[in-house]
Amino acid sequence: HAIGGMGSITKAMEKACKDKGVKIFTDTDVKKVNIANGTATGIELSNGSSFKAKKIISNLNPKLLYKKLISEADLDPEFNRSMDGYKCGSGTFRMNVALSELPDFYALPGKEVAEHHQSGIVIAPTLDYMDKAYIEAKSHGWSSAPIVEMLIPSTMDKTLAPEGKHVASLFCQQFSPNLPDGSSWHDHRLAAADTIIETVDKHASNFRESILGMMILSPLDLEEKFGLVGGDIMHGHMSLDQMWAARPLMNYGNYRGPIKSLYMCGSGTHPGGGVTGLPGKNAAREIIKDS
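Just so we're aligned: 291 in this note's numbering is position 238 of the sequence shown, and the numbers increase by one with no gaps anywhere.
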């Protein structure tokens, strides 16, 4: 666990960059990548300003990069078709909750910090439970009894909550990125969140009453707020046809796409999702080779 939460890692990276003279702009939407004669020459921002660059590196989901920031006219039709088929959408539903006390689990009673509170807690009692959750998500959009993975980092990191209080993150699957009836997740996010709370409450009866506040992130919220297409935290399915040299696409697994001077890194490149730093390290190696 990084003391201060995952944000402390990016803050450390920010400091290291600024110490080297790098300028960082936040709350700045990139509107498009400017391309001339098959070569990326810079970017244009949504506020109308632009930057020229010899090299551009993107850690967006590749689908966002090539379908939102680059004109189809600048790409080969075959590449466009392949990127259309790049599969995204893991159906992740996230919740962050502030708690007045620790969950008191039936399996291991007690509200004082114990070993299980400092571990990964997975609510998925049986294989049948997991199978039913998957089937319900396909037919209904989400499961009535989803798999819930809980972490309570405040049991190890006192900077995250006041004395005696706690924060927990709930990572939940079996939530379809696209609801079967065509409705929007914005209309169902509260009901889905209540289902998750009820699921945890069946294993720790004080959970619901201990909630002081919450952040709800449906698959659509994750896409709109963080650019995670279909709520896909891996920037694309981690399936055999989208791994290794074929990540994101066959012939484009070397951190380069069809546009010269435009490089890719992030979870949509090898070795995929997770907090390893390897996509960025590998991309940097290739950029240095081309310099």
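Where is the CB? At the ideal position from N, CA and C, for every residue including glycine.
Separation of residue j from residue i, as counted between CA atoms
| i | j | result |
| --- | --- | --- |
| K140 | I62 | 29 Å |
| N133 | Q295 | 16 Å |
| S236 | A167 | 42 Å |
| G206 | A186 | The sequence as given places Pro at residue 206; Gly does not occur at that position. Rounded to whole angstroms, P206 to A186 spans 27 Å at the Cα level. |
| N100 | F78 | 13 Å |
| D157 | D247 | 19 Å |
| A151 | H169 | 18 Å |
| L128 | R309 | 14 Å |
| P199 | N112 | 31 Å |
| C70 | K64 | 10 Å |
| E97 | D82 | 9 Å |
| A89 | G95 | 10 Å |
| K164 | M287 | 34 Å |
| P324 | M183 | 27 Å |
| G217 | T208 | 10 Å |
| A160 | H219 | 20 Å |
| V75 | D234 | 47 Å |
| D343 | N335 | 13 Å |
| Y119 | G319 | 14 Å |
| D72 | G91 | 34 Å |
| N304 | A298 | 7 Å |
| H193 | F104 | 46 Å |
| K84 | L180 | 45 Å |
| I188 | Q171 | 31 Å |
| N307 | V253 | 43 Å |
| I269 | E251 | 15 Å |
Which residues DSSP lists as bridging residue i, in chain order
| i | result |
| --- | --- |
| H219 | L152 |
| N87 | G95 |
| G289 | Answer is none; G289 lacks a bridge partner. |
| V201 | I176 and C225 |
| M268 | N149 |
| Y316 | I110 and R309 |
| W195 | F228 |
| K105 | G95 |
| A245 | The partner list for A245 (beta bridge, DSSP) is empty, contrary to what the question assumes. |
| F158 | A257 |
Per-residue burial, residue i [other beta carbons within 10 Å of its own, 16 or more giving buried]
| i | result |
| --- | --- |
| S285 | A small correction: the amino acid at residue 285 is Asp; Ser does not occupy that position in the sequence shown. By the neighbour-count rule (16 or more Cβ atoms within 10 Å), D285 is buried. |
| E276 | buried |
| V328 | exposed |
| M317 | buried |
| S314 | buried |
| H290 | buried |
| P162 | exposed |
| P215 | exposed |
| R261 | exposed |
| K116 | buried |
| P178 | exposed |
| R338 | exposed |
| A245 | buried |
| A93 | buried |
| P332 | buried |
| L223 | buried |
| L155 | buried |
Contact belief for residue i with residue j at Cβ below 8 Å, rounded distance in angstroms
| i | j | result |
| --- | --- | --- |
| L122 | V175 | The pair is not a contact, with the Cβ atoms about 37 Å apart (cut-off 8 Å). |
| R242 | S196 | So it is not a contact: roughly 15 Å between Cβ atoms. |
| H239 | L273 | 6 Å |
| I56 | T212 | 6 Å |
| I264 | V201 | That belief does not hold up - the Cβ atoms of I264 and V201 are roughly 14 Å apart, past 8 Å. |
| M59 | L302 | Going by Cβ atoms, the distance from M59 to L302 rounds to 29 Å, so no, they are not a contact pair. |
| A221 | M203 | 6 Å |
| G31 | R300 | Outside the displayed span of the chain (54 to 344) sits residue 31, for which this structure offers no information. |
| G283 | G142 | 3 Å |
Interface flag, residue i vs chain D, CB-CB below 8 Å
| i | result |
| --- | --- |
| H54 | Chain labels in this structure do not include chain D; a single protein chain is all it has. |
Near the ligand ADP: residue i beta-carbon under 7 Å from a heavy atom
| i | result |
| --- | --- |
| V83 | Looking at this structure, you won't find the ligand ADP or any other ligand, since it has none at all. |
Touching by the beta-carbon criterion (3+ pairs, under 8 Å), the stretch 221-230 and the stretch 143-153: yes
Mind the definition here: the stretch 97-117 touches the stretch 247-258 only if three or more C-beta pairs lie below 8 Å; say whether that holds. no
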